[in-house]
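Chains as they are written, first to last, in the working numbering: chain A, 1243 to 1371; chain B, 77 to 260. Ideal Cβ positions, reconstructed from N, Cα and C, are used throughout, including at glycine.
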Amino acid sequence: MSIAQKIKVLIVDDQVTSRLLLGDALQQLGFTQITVAGDGEQGAKIMAQQPHHLVISDFNMPKMDGLGFLQAVRSNPATKKAAFIMLTAQGDRALVQKAAALGANNVLAKPFTIEKMRAAIEAVFGSLK
Amino acid sequence: MTADVQHRRIHVIQGEYKVSDDPDVVLSTILGSCVAACMRDPVAGVGGMNHFLLPGSANGSGGEATRYGVHLMELLINGLLKKGARRERIEAKIIGGAKTIAGFSNVGEKNAEFAQQFLSDEGIRIVGSNTGGDVGRKLEYFPVSGRARQYPLSGAEMQKTVALETAPPRIIAPKPADTSIEFF
């Protein structure tokens, strides 16, 4: 079993298309345990019920945005150690700094390539093979 | 062939998007096989337009081309939401996607199909569309009223547009170097 197959991933994005593309990219990278949520609130609920090792979340979402969700994940003792990668459509330095201050492990600008996604994940977990 | 004098014209080029809540603004663009998605929230009084050409063809759901198109759709939607639009109220018009070069694979049609599929997957209402055909279009969109006007391109304008669209793809890359942080 590869490292990727052992990692439980939660995808959080309000756009159906983005979730599908991200899921597709993760499958290409060898991930098999993938859960999806449509906004931060739903993501936080899923994490509280069933912690995942890796969260990949969009920033711009209704209800609870990516930063609010990141805070929720970090403030829950059961989920605070999860790796958190934030995706953003706007390459905004202030947002990156805020995300870093709140404990994001990486920030990736959209549109990402599969190789950039791999690099972002491997920066946290090491080789996925 | 031009907008009324009192309107302030903002041109949207390939790979760009513009959003405005100014009723005096008209967004304009020139489309060959490219497609422009025009979206607005009639209640919030804000609208915008993007302009994209999926480089090559949009085969498969996970390709780089698709990600690029999705990105431009998302930027436009995020831009509208920032100015007070609500996702469930957004309505869209899809314009463009002409078959500009005889014998070439029909990239225009694929671009239009992509836009329609995206909007239907996202549950965004399409209130008008004019796609396909053999002739490029000049498009004007009033972001607040949602009115769209289009004019067929003349022969010379067509040649210029096709030359621009068939130039090597200029994908506007994100700035990963600026936004990447690594702690490990």
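Review point. In chain A, which residues lie less than 9 Å from L240/B when you measure between Cβ atoms?
Key: For the purposes of this step, residue 240/B is identified with residue 164 of the second sequence, where counting begins at 1. Those do not exist, as L240/B stays about 22 Å from chain A at its closest Cβ, beyond 9 Å.
Check your understanding: Which term fits K1287/A, buried or exposed, when burial requires 16 or more other beta carbons within 10 angstroms of its beta carbon?
Key -> Taking the first sequence and counting its residues from 1, the one referred to as residue 1287/A is at position 45. So K1287/A counts as exposed.
Practice item. Quick one: which residues of the segment 177 to 204 of chain B get their C-beta closer than 9 Å to a C-beta of chain A? List them in chain order. Key: Q193, F194, D197, E198 and G199
Check your understanding: In chain order, what residues of the same chain have a beta carbon less than 6 Å from the beta carbon of H87/B, not counting five sequence neighbours either side?
Key -> Taking the first residue of the second sequence as 1, we reach residue 87/B at position 11. Cβ within range, chain order: S104.
**Study point:** Own chain, CB closer than 7 Å to V1338/A, minus 5 neighbours either side, in chain order
**Key:** Your numbering for residue 1338/A matches position 96 in the first sequence. Result list for V1338/A: V1349, in chain order.
Review point. Mapping DSSP to helix, strand and coil, what is E92/B?
Key: Counting from one through the second sequence, the residue named residue 92/B turns up at place 16. Coil, per DSSP.
Review point. When Cβ atoms are compared, which residues of the segment 144 to 176 of chain B fall closer than 8 Å to chain A?
Key: Y144, V146, H147, M149, E150, L151, I153, N154, L157 and R163
Exercise for review: Return the chain-ordered list of same chain residues with a C-beta closer than 6 Å to the C-beta of A1320/A, the five sequence neighbours on each side being excluded.
Suggested key: As a first step, residue 1320/A is located in the first sequence; it is residue number 78 there, counting from the start. Result list for A1320/A: P1293, in chain order.
Point to revise | 8 Å Cβ cutoff, E92/B in contact with chain A | key: On the second sequence, position 16 is the one that residue 92/B refers to. So, not an interface residue.
Check your understanding: Comparing alpha-carbon positions, which option in A239/B, G231/B, F218/B and T237/B lies nearest P99/B?
Key -> Within the second sequence, residue 99/B is the residue found at index 23, counting from 1. Checked all of A239/B, G231/B, F218/B and T237/B; the closest Cα to P99/B is F218/B.
Point to revise | Option in Q193/B, H147/B, K175/B and N182/B with minimal Cα separation from A1331/A | key: Taking the first residue of the first sequence as position 1, residue 1331/A is located at position 89. Looking at the Cα atoms, H147/B is the closest of the given residues.
Review point. At a CB-CB cut-off below 7 Å, which residues of chain B make contact with V1258/A?
Key: Taking the first residue of the first sequence as position 1, residue 1258/A is located at position 16. Neighbours of V1258/A on chain B, chain order: D197 and E198.
Review point. So the alpha helix (DSSP H) K158/B belongs to, where does it begin and stop?
Key: For the purposes of this step, residue 158/B is identified with residue 82 of the second sequence, where counting begins at 1. Residues E140 to K158.
Practice item. Quick one: using the 10 Å Cβ neighbour count with 16 as the cut-off for buried, is A1346/A buried or exposed? Key: Looking up residue 1346/A in the first sequence gives position 104. The residue is buried, with at least 16 neighbouring Cβ atoms inside 10 Å.
**Study point:** Runs of alpha helix (DSSP H) lying entirely within the segment 1297 to 1329 of chain A, each at least 4 residues, in chain order
**Key:** 1308 to 1317
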